[in-house]
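Participant: This is the structure, below, for whatever I ask next.
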Ligand SMILES: [Zn+2]
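Numbering (this note's numbering), first residue to last: 1 to 258.
Shown next, in the form of structure tokens:
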């Protein structure tokens, strides 16, 4: 039985090149199930922006990026929620949430894609379920792989929600998300410096209105050094055919949020 658990687990981690050497006990299908469960729980505490044009817009930009990841074949969901603070977060199972305040703060579509690429990279690298794997360890190993405990996903979802749904990522995870995100941007034809531009906007806001960016800084430790690293790296990445921006479209979406 132990051998079965180990081989099945090894199989899930080897599927994706990004995650090949990382410890993760969640098979992808279970992670996506957890995402559905979390999204349902989250629906009680957030207000989703009730505007199809806004949601279609963010979903479209997100999917452009996801197409260049190792998890392109999974159903990702991008959602704009009503919240004036400048924040975005990823939960397990390819779900990315963007605050309306962030959407209003960005000055360009590519800058918006810069932050989306960072969140998508947390999802692609499966940082949240890696953390959970470490926390729950052996409790999960048998149950998920052998399918013994269907209630476990619900139980874990409830515990995550009770603890605050957004995981705080480590500095290593942040660095990995930055680097993966930069590559994804370049492959999508977006100048990778767009991510640095968004981070610089956050740092500037932290000086002026710290409370408006507090949550972002809380879950994604961001320092001037890290932003400088992103800037330097983005200069070394070759971008393919440049993706055209649609400033009028962004302006229309921002208008709808006001
Ligand atoms: Zn992050």
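The beta-carbon is built from N, C-alpha and C at its ideal position, and this holds for glycine as well.
When DSSP labels each residue in this structure, what does residue 79 get in the three-state scheme?
Facilitator: Against the chain shown, residue 79 aligns to sequence position 79. Residue 79: strand per DSSP, three-state reduction.
Participant: At a cut of 8 Å, does the segment 224–239 reach the segment 183–198 through at least three beta carbon pairs?
Facilitator: In short, these stretches touch, since the Cβ pair count reaches three.
Participant: Indicate whether residue 38 and residue 92 have their beta-carbon atoms separated by less than 8 Å.
Facilitator: Working through the chain shown from its first residue, we reach residue 38 at position 38. Working through the chain shown from its first residue, we reach residue 92 at position 92. Yes, these two residues count as a Cβ contact at 8 Å.
Participant: For residue 120 versus residue 35, is the C-beta distance shorter than 8 Å?
Facilitator: For the purposes of this step, residue 120 is identified with residue 120 of the chain shown, where counting begins at 1. For the purposes of this step, residue 35 is identified with residue 35 of the chain shown, where counting begins at 1. Not closer than 8 Å, so no.
Participant: According to DSSP, simplified to helix, strand and coil, what is residue 247?
Facilitator: By one-based count along the chain shown, residue 247 stands at place 247. If DSSP states are grouped into helix, strand and coil, residue 247 belongs with the helices.
Participant: If you run the structure through DSSP and keep just helix, strand and coil, what is residue 89?
Facilitator: In the chain shown, the residue the question calls residue 89 occupies position 89. Residue 89 falls in the strand class under three-state DSSP.
Participant: Could you check the C-alpha separation between residue 30 and residue 153 for me, to the nearest Å?
Facilitator: Numbered from 1 along the chain shown, position 30 holds the residue referred to as residue 30. Numbered from 1 along the chain shown, position 153 holds the residue referred to as residue 153. Residue 30 and residue 153: Cα-Cα distance of roughly 8 Å.
Participant: Leaving out the 5 sequence neighbours to the left and right, which residues in its chain are closer than 7 Å to residue 259 when beta-carbon positions are compared?
Facilitator: Within the shown structure, residues of the chain are numbered from 1 to 258, placing residue 259 beyond reach of any answer.
Participant: Would you call the segment 76–83 and the segment 219–228 touching, i.e. three or more CB-CB distances under 8 Å?
Facilitator: No, they do not touch.
Participant: Between the alpha carbons of residue 133 and residue 122, how many angstroms are there, rounded?
Facilitator: In the chain shown, the residue the question calls residue 133 occupies position 133. In the chain shown, the residue the question calls residue 122 occupies position 122. If I take the Cα positions, the gap works out to 15 Å.
Participant: Is the distance from the Cβ of residue 49 to the Cβ of residue 81 below 8 Å?
Facilitator: Numbered from its first residue, the chain shown carries residue 49 at position 49. Numbered from its first residue, the chain shown carries residue 81 at position 81. For residue 49 and residue 81, yes; Cβs fall inside 8 Å.
Participant: Taking the straight line between their C-alpha atoms, what separation do you get for residue 228 and residue 204?
Facilitator: Locating residue 228 in the chain shown gives position 228, where the first residue counts as 1. Locating residue 204 in the chain shown gives position 204, where the first residue counts as 1. One C-alpha to the other measures close to 14 Å.
Participant: Measuring CB atoms only, is the segment 248–256 touching the segment 213–221, in the sense that at least three cross pairs come out at less than 8 Å?
Facilitator: Touching, no.
Participant: Measuring CB to CB, does residue 86 end up less than 8 Å from residue 116?
Facilitator: Along the chain shown, one-based indexing puts residue 86 at 86. Along the chain shown, one-based indexing puts residue 116 at 116. Taking 8 Å as the Cβ cut-off, residue 86 and residue 116 do not qualify as a contacting pair.
Participant: Quickly, what does DSSP pair residue 74 with across the bridge? List them, please.
Facilitator: For the purposes of this step, residue 74 is taken as residue 74 along the chain shown, with counting starting at 1. In DSSP, residue 74 forms no bridge with anything.
Participant: Would you kindly work out how many angstroms separate the C-alpha atoms of residue 24 and residue 129, rounded to a whole number?
Facilitator: Locating residue 24 in the chain shown gives position 24, where the first residue counts as 1. Locating residue 129 in the chain shown gives position 129, where the first residue counts as 1. So the two alpha carbons sit approximately 7 Å from each other.
Participant: Run the proximity test for residue 199: is its beta-carbon closer than 7 Å to any non-hydrogen atom belonging to ligand 1?
Facilitator: On the chain shown, position 199 is the one that residue 199 refers to. Residue 199 Cβ: outside cutoff for every heavy atom of ligand 1.
Participant: Enumerate in chain order the residues of its own chain whose CB-to-CB distance from residue 233 is below 8 Å, with the five nearest sequence positions on each side excluded.
Facilitator: Against the chain shown, residue 233 aligns to sequence position 233. 178, 179, 182, 192.
Participant: Measuring straight from C-alpha to C-alpha, what distance separates residue 249 and residue 106?
Facilitator: If you number the chain shown from 1, residue 249 lands on position 249. If you number the chain shown from 1, residue 106 lands on position 106. Computed Cα separation, rounded: 13 Å.
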